[in-house]
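What follows is one structure encoded as structure tokens, with my remarks underneath.
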Amino acid sequence: MEAKVDVALAQHGADIKSQGRDLEDHEKRLRVLESTPTVSPRTLWTTVASIGGLALAAVPFLDRIIN
4 MEAKVDVALA
14 QHGADIKSQG
24 RDLEDHEKRL
34 RVLESTPTVS
44 PRTLWTTVAS
54 IGGLALAAVP
64 FLDRIIN
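Per my numbering, numbering of the sequence shown is gapless, rising by one per residue and ending at 70.
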């Protein structure tokens, strides 16, 4: 009976250790993802709208220069 308890405790200890390593692996992957530079959709659409607005604002000036 005592041997069964020892085996069960050893198995639980191994499970806990492997779970700790698994969590450390997730932490490393999360840090890599967080450090990767990205462009958010808000920034992208703000840039697109700004460029469009500047282009529309430049049309009358270019029309006056050309004609």
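From the three backbone atoms N, C-alpha and C, an ideal C-beta is built for every residue, glycine too.
Item: Measure the alpha-carbon distance for T41 versus Q14 and round it to whole angstroms.; Value: 43 Å
Item: G16 to S38, Cα distance in whole Å?; Value: 34 Å
Item: Helix, strand or coil, according to DSSP, for S38 in the structure here?; Value: helix
Item: Taking DSSP as the reference, what is the three-state secondary structure of S43?; Value: coil
Item: Nearest-angstrom Cα distance between L1 and K31?; Value: Residue 1 lies beyond the stretch modelled for the chain, which goes from 4 to 70, so this question has no answer here.
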